[in-house]
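Worksheet for the structure shown next.
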Amino acid sequence: MKLVIDFIEPYLKRCQNEKRLSYDTVKAYRLDLYQYKDYLHEIKKEKLRPKDVTKKMIQEYIVYLNEKFAVKTVKRKLASLRGFFSYLEDEDVIEINPFLRLHLRIKEPKTLPKSMTLDDIERILKAVYTNKIELSYDTFEKGRGNLADFLHYRDILVLELLFASGVRVKELCNIRKSDIDFSTYTMRIVGKGDKERKVYFGNYAVLLVVARYVQHKKLVGFESEYFLVNKFGNKLSTQAVRNLVSKYKRIAGIDKKVTPHVFRHTFATLLLEEGVDVKFIQEFLGHSSISTTQIYLHISEQKGREVLAERHPRSKIQIMCE
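Per our numbering, the very first residue in the sequence shown carries number 795; after that it's consecutive.
Quick look at the structure:
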């Protein structure tokens, strides 16, 4: 007698191998499905076969989730579970899908994304430009270049790119050297669902710090395929970027919570305030289309470069490398 748990891993393998879902998506599905298994065993005190799960049991699980999690999390967990039972139905493991005719009306409260003002951005950039990094040793072990200078320009570049492009923190850390095109000032970004897009970093101040960073990366002898690296020359982690953002917002004396994602919201908000068409911003951020008509709203690379070069508010901040 096969239980619910026996079908979880085969389903996840299909998601990974046939549907080509990302590692993070499959990881989230695994968490959600095993959590449901634990719910059945620990809360319901039952070890059930898939065909034993009824619509009423799903409704009870929804009540349980609503008591423990935020609306957005509940919606994700139910989506994971719905996909699992659709798989069981396709494989003829169950005859009746418990999600059939189950009307889920879970309204997510509308909250405005948190963003910073241009003054906040200027204060953070001033903090990173003017605060040199001090290490217990001045030169890298290989004796080539100054590690403190390299890390200083690395920190500047991380904050500049977050604001210049609006990329997600994971997207930023995954950028490889081969993704950078200096002739067009573009970076190839692989976003959610492995969707590719190009973002632009054509502002003069950003170009200048990119040049400084690349120069000092060579001086210290780092040869990683990843563009942004830590003090050991390895790929920069998302947590390191979060720590970096937190460090400089603290130095800047900003009390509000600032994360890499707040930079992303700020990028979009300030461009909207500058009158940039929302279609361009959607393309820059790599957001999925909201309606069918938006599928056709793509922008050319040249137009994208012109929009950011002319309208990005970074041009109003007079701070850059010497």
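Note that CB positions come from ideal geometry on N, CA and C, so glycine has one too.
* Identify the continuous alpha helix (DSSP H) that holds residue 1075 and give its terminal residues. => Residue numbering aside, residue 1075 sits at position 281 when the sequence shown is read from its first letter. Boundaries of the alpha helix (DSSP H) harbouring residue 1075: 1072-1079, taken from the DSSP string.
* **residue 817 and residue 875 closer than 7 angstroms at C-beta** => Sequence index remark: in the sequence shown, residue 817 carries index 23 (1-based). Sequence index remark: in the sequence shown, residue 875 carries index 81 (1-based). Not closer than 7 angstroms, so no.
* Asked: Taking the C-alpha atoms as reference points, what is the distance between residue 808 and residue 957?
  -> Within the sequence shown, numbered from 1, the residue matching residue 808 stands at position 14. Within the sequence shown, numbered from 1, the residue matching residue 957 stands at position 163. Their Cα atoms are separated by approximately 38 angstroms.
* Asked: Mapping DSSP to helix, strand and coil, what is residue 1060?
  -> Here residue 1060 is taken as the residue at index 266 of the sequence shown, counted from 1. Shown here, residue 1060 sits in a helix according to DSSP, grouped into three states.
* By Cβ distance below 7 angstroms, which residues in the same chain neighbour residue 1016 in space, the five residues on each side in sequence not counted? -> Here residue 1016 corresponds to residue number 222 of the sequence shown, with the count starting at 1. 1023, 1027.
* To do: Return no unless some Cβ of chain B is closer than 7 angstroms to the Cβ of residue 969.
  => Annotation note: the requested chain B is absent from the structure, which comprises a single protein chain.
* Round the Cβ separation of residue 849 and residue 892 to the nearest angstrom and send it over; I've been treating them as touching at under 8 angstroms. => Walking along the sequence shown from the start, residue 849 turns up at place 55. Walking along the sequence shown from the start, residue 892 turns up at place 98. In this structure residue 849 touches residue 892 by the C-beta definition: roughly 5 angstroms separates them, less than 8 angstroms.
* Asked: Can you find at least 3 beta carbon pairs, one from the stretch 946-962 and one from the stretch 1050-1067, that sit closer than 8 angstroms?
  -> Contact between the stretch 946-962 and the stretch 1050-1067 is present, because at least three Cβ pairs lie under 8 angstroms.
* Provide the residue(s) that pair with residue 992 in DSSP beta bridges, ordered along the chain. => By one-based count along the sequence shown, residue 992 stands at place 198. Beta-bridge annotation (DSSP): residue 992 is paired with 982.
* Exposed or buried, residue 827, counting other C-beta atoms within 10 Å across all chains shown (16 or more means buried)? -> Here the question's residue 827 lines up with position 33 in the sequence shown. So residue 827 counts as buried.
* Where the alpha helix (DSSP H) through residue 856 begins and ends -> Working through the sequence shown from its first residue, we reach residue 856 at position 62. Its alpha helix (DSSP H) spans residues 849-862.
* Asked: Are the beta-carbon atoms belonging to residue 947 and residue 1007 less than 7 angstroms from one another?
  -> As a working note, residue 947 is residue 153 in the sequence shown. As a working note, residue 1007 is residue 213 in the sequence shown. Yes, these two residues count as a Cβ contact at 7 angstroms.
* To do: For the stretch 1011-1056, list the alpha helix (DSSP H) runs that are entirely contained and at least 4 residues long, ordered along the chain.
  => Counting whole runs of 4 or more residues, the stretch 1011-1056 contains the alpha helix (DSSP H) stretches 1032-1045.
* Apply the 10 Å Cβ neighbour rule to residue 968 and answer buried if 16 or more other Cβ atoms are within range, or exposed otherwise. => Taking the sequence shown and counting its residues from 1, the one referred to as residue 968 is at position 174. A residue is called buried when at least 16 other Cβ atoms come within 10 angstroms of its Cβ; residue 968 meets this threshold and is buried.
* To do: Check whether the Cβ atoms of residue 996 and residue 1099 sit closer than 7 angstroms, and answer yes or no.
  => Locating residue 996 in the sequence shown gives position 202, counting from the first residue. Locating residue 1099 in the sequence shown gives position 305, counting from the first residue. Contact: yes.
* **Beta-carbon proximity check, residue 994 vs residue 1113, cutoff 7 angstroms** => Here residue 994 is taken as the residue at index 200 of the sequence shown, counted from 1. Here residue 1113 is taken as the residue at index 319 of the sequence shown, counted from 1. Going by C-beta atoms, residue 994 is not nearer than 7 angstroms to residue 1113.
* Within its chain, find whatever has a CB closer than 6 angstroms to the CB of residue 1018; leave out the 5 residues flanking it on each side and keep chain order. => For the purposes of this step, residue 1018 is taken as residue 224 along the sequence shown, with counting starting at 1. Within the same chain, residue 1018 has close Cβ partners 1027.
* Kindly indicate the opening and closing residues of the alpha helix (DSSP H) around residue 811. => To locate residue 811, count along the sequence shown from 1; it is residue 17. It spans 802-811 - the alpha helix (DSSP H) in which residue 811 sits, taken as one unbroken run.
* According to the neighbour-count rule (16 or more other Cβ atoms, all chains shown, within 10 Å of its Cβ), is residue 988 buried or exposed? -> The count along the sequence shown starts at 1 and reaches residue 988 at position 194. It counts as exposed.
* Quick one: is residue 985 buried, meaning 16 or more other Cβ sit within 10 Å of its Cβ, or exposed? -> Numbered from 1 along the sequence shown, position 191 holds the residue referred to as residue 985. By the 10 Å Cβ count, residue 985 comes out buried.
* Close beta carbons around residue 894, own chain, < 8 angstroms, minus the five adjacent residues each side -> Translated into the one-based positions of the sequence shown, residue 894 becomes position 100. When the five nearest sequence neighbours on each side are left out, the beta carbons in the same chain lying within less than 8 angstroms of the beta carbon of residue 894 are those of 849, in order along the chain.
* Taking the runs of the alpha helix (DSSP H) that are 4 residues or longer, which of them lie wholly in the stretch 938-978? -> Every unbroken stretch of the alpha helix (DSSP H) spanning 4 or more residues and falling wholly within the stretch 938-978 is given here in chain order: 941-959, 963-967.
* Asked: Who are the Cβ neighbours of residue 810 in its own chain at under 6 angstroms, not counting the five residues just before and after it?
  -> Residue 810 sits at position 16 when you count from the first residue of the sequence shown. Excluding five sequence positions before and after residue 810, the CB atoms of its chain that fall closer than 6 angstroms to its own CB belong to 820, given in chain order.
* **Where residue 886 sits in the DSSP three-state scheme** => The sequence position of residue 886 within the sequence shown is 92, counting from 1. Note: residue 886 maps to coil in three-state DSSP.
* Asked: By a C-beta neighbour count over all protein chains shown, 10 Å radius and 16 as the cutoff for buried, is residue 844 buried or exposed?
  -> For the purposes of this step, residue 844 is identified with residue 50 of the sequence shown, where counting begins at 1. Buried: at least 16 other Cβ atoms inside 10 Å.
* Asked: Any idea what DSSP makes of residue 909, helix, strand or coil?
  -> Taking the sequence shown and counting its residues from 1, the one referred to as residue 909 is at position 115. DSSP places residue 909 in coil when its eight states are reduced to three.
* Asked: Excluding the five sequence neighbours on either side, which residues of its own chain have a C-beta within less than 8 angstroms of the C-beta of residue 1042, listed in chain order?
  -> Counting from one through the sequence shown, the residue named residue 1042 turns up at place 248. Around residue 1042: 918, 921, 922, 925, 949, 953.
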